[in-house]
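J.: Have a look at this one.
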Ligand SMILES: Cc1ncc(COP(=O)(O)O)c(C=O)c1O
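In the working numbering, the protein residues as written are 1 to 405.
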């Protein structure tokens, strides 16, 4: 009975091309973005290691040093022996970076959203949550696990948000949860407008900066830094697995909110702390990113070049995208998979197909991004390859333009 139920459920995914198959991608140390798939050397154009910090020498050496000095694991949760010295150093560095009073580190970005949101909503059972329709699964999971009143507003739509906020008395606790850079469309939230609405309607603001930290702002502290609105956001959440290049998540906020979450969030309390090597590496990476704009400047330069080249081949990019994340719509799950295979097998390029449920059916896509380590020649090769594959599989460029408008 159990086997059959499992097989039936998985088969449903296979029939609709939603079944996930993992490709083995062995990154070549010191040679990012090159990697090995079987014996072939391939070029990766879909990594979240946006700045190549996972291969930064200072970062790697700090990790090795911490392993030698302190061993491989943390040995327990933060409360039971797992709080090593790197936590206080990194939490101080993160809160200073985002101009907040306090920070709290989690094992992943997912758990930092899930556990923080769940905890806040449990401790404020009368709090109404206003969530952008395109928020990440980790946010949705946090919201779904509680009984609070939920309002989902249309993606990036401040008018719809205001209509929903208006329905509740001023003294009802409220929280607006949204992202700065959206990971699948590469578009940016109207952060300032949402923060202004929050003030009018007496709501807290919770901003996920996972796809912005490292890449935007004078010191890389994210889109809220770029716009100068950090102080208007109550809670900023981010990851250390993307721009920062390793793993881990965090929130920064007031002392009171961070202390509440530290004291009550089950997903923070009852899990093993990150090992010294990881936190030491994140600290080295954050401190490097704060001082050095070299990586993000080069990322944006390469992104601009990639956009120009795609345009030369009339490969339409989702028009909403204005960031380093470039969605190229295929609009068909089977073709999306085939195109990805073709890029890998014929051109040694790895771009993962993004199918539903991650994106809506009919908007299946490649989510492409360059990094500072890609050369113009790499990008030329990618665009020529995509164009060839589009022609071979008869992927209609015009239709995609209509779909995304
Ligand atoms: C918007 C957003 N928030 C949170 C996460 C989770 O971060 P992590 O990968 O560090 O768990 C992701 C991961 O892709 C994300 O895209």
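Cβ coordinates follow ideal geometry from the N, Cα and C atoms, glycine included.
#1: Output yes or no for whether 8 Å exceeds the beta carbon distance between residue 212 and residue 176.
#2: Given residue 402, which residues of its chain have a CB within under 7 Å of its CB, disregarding the five upstream and five downstream residues?
#3: If we count Cβ pairs, one from each stretch, closer than 8 Å, do we get three or more for the segment 315 to 327 versus the segment 342 to 352?
#4: Can you grab the Cα-Cα spacing for the pair residue 65 / residue 240, in whole Å?
#5: Skipping 5 residues on each side, what residues in its chain have a beta carbon closer than 8 Å to that of residue 259?
#6: Does residue 494 pass the burial test, meaning 16 or more other C-beta atoms within 10 Å, or should it be called exposed?
#7: Residues in the same chain with beta-carbon distance under 6 Å from residue 27, minus the five sequence neighbours each way, listed in chain order, please.
#8: Report the partner residues of residue 206 according to the DSSP bridge assignment.
#9: Considering just the uninterrupted stretch of the beta strand (DSSP E) at residue 132, what are its terminal residues?
#10: Less than 7 Å between C-beta atoms, sequence neighbours within five positions excluded: which residues of the same chain meet that for residue 400?
#11: Measuring alpha carbon to alpha carbon, tell me which of 360, 305, 364 ends up nearest residue 379.
#12: Go to residue 253, then tell me how far its beta strand (DSSP E) extends in each direction, as first and last residue.
#13: If you draw a straight line from the alpha carbon of residue 139 to that of residue 105, how long is it in whole angstroms?
#14: Buried or exposed: residue 405, going by 16 or more other Cβ atoms within 10 Å of its Cβ?
#15: Does the beta-carbon of residue 20 have 16 or more other beta-carbons within 10 angstroms, so that it is buried, or is it exposed?
#16: Determine the burial state of residue 367: buried for a count of at least 16 other Cβ atoms within 10 Å of its Cβ, exposed for fewer.
#17: Only counting the same chain, and skipping five residues up and downstream in sequence, which positions put a Cβ closer than 7 Å to that of residue 123?
#18: How about residue 32: is its Cβ closer than 7 Å to a heavy atom in ligand 3?
#19: Using the three-state DSSP reduction, which class does residue 116 fall into: helix, strand or coil?
#20: I'd like to know whether the C-beta atoms of residue 253 and residue 57 end up nearer to each other than 8 Å.
#21: State buried or exposed for residue 268, treating a residue as buried only when at least 16 other CB atoms are found within 10 Å of its CB.
#22: Under 7 Å from any heavy atom of ligand 1, does the C-beta of residue 345 make it?
#23: Could you work out which residue in 80, 335, 162 is closest to residue 154 when comparing CA atoms only?
#24: Could you tell me the distance, in whole angstroms, from the CA atom of residue 38 to the CA atom of residue 24?
#25: In terms of alpha-carbon separation, which member of 293, 134, 30 lies closest to residue 179?
#26: Classify residue 327: buried if its beta carbon has 16 or more other beta carbons within 10 angstroms, exposed otherwise.
#27: If you drop the 5 nearest sequence neighbours on each side, which residues of the same chain put their C-beta closer than 6 Å to that of residue 32?
#28: Skipping 5 residues on each side, what residues in its chain have a beta carbon closer than 8 Å to that of residue 312?
#29: Rounded to a whole number of angstroms, what is the C-alpha to C-alpha distance between residue 427 and residue 393?
#30: Given the structure, does residue 49 come close to ligand 1, in the sense that its CB is under 7 Å from one of the ligand's heavy atoms?
#31: According to the Cβ coordinates, are residue 208 and residue 300 closer than 8 Å?
T.: Taking the geometry as given:
#1: no
#2: Note that residue 402 scores 44 on pLDDT, short of 50, meaning its location in the model is unreliable; the coordinates nonetheless yield the value given after this. Around residue 402: no qualifying Cβ.
#3: no
#4: 19 Å
#5: 102
#6: The chain is shown only over 1 to 405; residue 494 falls outside these bounds and no answer can be derived.
#7: 35
#8: 177, 235
#9: 128 to 132
#10: Confidence at residue 400 is low in this model, with a pLDDT of 47, below 50, so its placement is unreliable and the value that follows should be read with caution. Result list for residue 400: 316, 329, 331, in chain order.
#11: 305
#12: 249 to 253
#13: 17 Å
#14: The predicted model places residue 405 with a pLDDT of 42, which falls under 50 and marks its position as unreliable, so this point remains unresolved.
#15: exposed
#16: buried
#17: 260, 264
#18: Ligand 3 is not part of the structure shown, which contains ligand 1 as its ligands.
#19: helix
#20: no
#21: buried
#22: no
#23: 162
#24: 8 Å
#25: 134
#26: buried
#27: 52, 55, 373
#28: 383
#29: In the structure as shown, the chain begins at 1 and stops at 405. Residue 427 is therefore absent and cannot be evaluated.
#30: no
#31: no
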